[in-house]
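Below is one structure, written out as C-alpha cells; the observations come after it.
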Amino acid sequence: MRTPLLCCLCFVLLLSNKALGQAAGPDSSALAALGQRYAAALGVESRLYNGPAYAGRIESFVKGQPFFESATPQLATVDYDGNTYTGVPLRYDLVLGQLVLRVPPGVTEMYLVNEKVVRFALGGHTFIRLVADSAGSPAPTGYYDLLVEGPVRVLAARRKDVQTRATLEGMQGEISQIDEVFLYKNRHYYPVSRAKELLRLFPESKGPLRAYIRAQKLTFRAASRELSIAAVVRYYATLAPPPTASTP
C-alpha cells in the first residue's frame, strides 16, 4: 500500500522543510531528492519533481500577491523536459518568472527549471517560452501568453513589480502588474500599444483595418488593448491569403 509510505514521506518532508527554513538557504539537492522520492511513491514522473527550492517571499507590508491571476495553485498542463503533464497544481510567479510546484501540498515548494519548459496551460491561458535570438531583441527570453496563434502571432508578456518605500508610519509597498503586447510577423517581434503602431505593420491592408477598428469601436487603452489588437489581427487573416507561417 502507498498510504503508509506517503505518510512517512510527508513527515520526512515536513521535518526537512522546517530544517530548511531555519538554515541560511534551502538545500536544493536534498529537496530534489525528496521530490523524486515523493514522485516515486505517487507513481508519477520524477523529472517533474527535481527542480530547485522556491525562495519567493513577499514582505507582509506589501499589498498584493505575486502570482498570475490567483495565489491558489491551479491545475495546469505543462510540456516539460520532453514530456506533457496534466493536472499539475501550479502557480506562476510573475515577479520571479517561475512556475511553482508544491510537493506535497502544504509541505514545501520547488520551481520548474525554465529552460525545460516549452509551454503550459494555466487558468484558461496558454503560455509559451521564447528564447531571444539576440541581446537587443524587443521580446526578451521568458514566458508569453499566446493570445492569437497563426501566421501572425499576438503574445502578451506579463510581469509584476514590487515597489517598497519608507514612510513615517513604517515600510509600505504594493505589487503592480505590467502587460506588454508583441506581434510576431515575418520572423520578427514588434511591441505594439497603439493603433498607429499596429497599422504600420500591415501597410498593404491599412485602409480596411482602420475601417474595421472604427466600425467595431475598438480602443487601445490598457484595459482593452489586448482584445483590440487580437481582434484586428484575426480580421487581417480574413482579408487575404496569410503569409507563410513562421514559428520561432
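Throughout the sequence shown, residue numbering follows this note's numbering, covering 22 to 269 in sequence. Note that beta-carbon positions come from the ideal geometry of N, C-alpha and C, so glycine has one too.
With C-beta atoms as the reference, is residue i less than 8 Å away from residue j?
i	j	result
Gly191	Lys84	no
Phe203	Val213	yes
Leu115	Pro87	yes
Ala160	Leu151	yes
Leu21	Ile250	Nothing can be reported for residue 21: it is not among the residues displayed for the chain, which extend from 22 to 269.
Glu247	Ala177	yes
Tyr210	Leu230	no
Val254	Tyr233	no
Val138	Leu117	no
Ser226	Leu189	no
Asn104	Arg68	yes
Quick check: what's the CA-CA separation for residue i versus residue j?
i	j	result
Thr240	Tyr101	37 Å
Asn71	Val134	9 Å
Met22	Arg112	Because Met22 sits at a pLDDT of 39, beneath the cut-off of 50, its placement in the model cannot be relied upon, and the following sentence gives the value as read from the coordinates. Rounded to the nearest angstrom, the two C-alpha atoms are 30 Å apart.
Ala45	Tyr75	Confidence is the limiting factor: at Ala45 the pLDDT is only 37, short of 50, which leaves the residue's position unreliable and the question unanswerable from this model.
Thr147	Tyr106	14 Å
Thr162	Asp182	17 Å
Glu136	Gln95	21 Å
Arg242	Val99	32 Å
Pro110	Arg179	20 Å
Ala153	Gly228	33 Å
Arg235	Gly108	42 Å
Ala92	Thr129	15 Å
Shortest alpha-carbon distance to residue i belongs to which of the options?
i	options	result
Gln282	Lys238, Val169, Ile196 and Phe82	Residue 282 is absent from the structure shown; the chain starts at 22 and stops at 269.
Ala97	Leu117, Arg246, Lys227 and Gly144	Gly144
Arg174	Arg231, Arg208 and Gly157	Arg208
Glu201	Ser226, Ala244 and Gln237	Ala244
Pro73	Tyr132, Thr93, Gly108 and Gly118	Tyr132
Asp166	Pro172, Ser158 and Ile149	Ile149
Ala187	Phe82, Gly77 and Arg78	Phe82
Leu168	Gln237, Tyr205, Ser158 and Asp154	Tyr205
Return the first residue and the last residue of the alpha helix (DSSP H) that residue i is part of.
i	result
Val253	Arg246 to Leu260
Ala216	Ala216 to Arg221
Tyr233	Lys227 to Gln237
Can you tell me where the beta strand (DSSP E) with residue i in it begins and where it stops?
i	result
Pro212	His209 to Val213
(request) Would you list, in sequence order, the uninterrupted beta strand (DSSP E) runs of no fewer than 3 residues that lie entirely inside the stretch 118-198? (result) 119-124, 129-132, 138-143, 146-151, 163-169 and 174-188
(request) Run through the stretch 82-123 for me and flag every whole beta strand (DSSP E) of 3 or more residues, listed as ranges in chain order. (result) 95-101 and 104-114
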